[in-house]
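Please read the structure below before turning to the comments.
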Amino acid sequence: MDDSVCALQVFEQEGFKYWTKWAARCKGQSLPDIEKCPDWVHPPELRGKRSIRPEDFEEDSD
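Just add 29 to wherever you are in the sequence shown, counting from 1, and you've got the working numbering.
Spelled out as structure tokens, the structure:
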């Protein structure tokens with residue numbers, strides 16, 4: 030089972046009770062934005078699209 034599917038299934042059945050940081054620091058607070066939660070880690074910025082050109086890997090035929 031995919032980790033995200035498993036996490037969603039646990040959340041749907043049990044809510045946040047297994048997310049100990051949420052229970053200790055965020056539960057019961059009015060948080061309009063999850064970034065207000067003390068342990069929020071900002072996701073990294075998206076990188077630009079990359080591509081591989083076959084000519085970059087061709088060996089010289091000399």
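Beta carbons: idealized from backbone N, C-alpha and C, even for Gly.
Quick caveat: nothing in here was measured; it's all calculated off a predicted structure.
Close-in-space but distant-in-sequence residues of the same chain around residue i (CB under 7 Å, 5 per side omitted)
| i | result |
| --- | --- |
| Ala52 | Phe45 and Lys46 |
| Ala36 | none |
Residue range of the alpha helix (DSSP H) that includes residue i
| i | result |
| --- | --- |
| Lys50 | Thr49 to Arg54 |
| Ser33 | Asp32 to Glu43 |
Other residues of its chain near residue i: CB distance less than 8 Å, five sequence neighbours each side excluded
| i | result |
| --- | --- |
| Val93 | The question about residue 93 has no answer here: the residues shown for the chain are numbered 30 through 91. |
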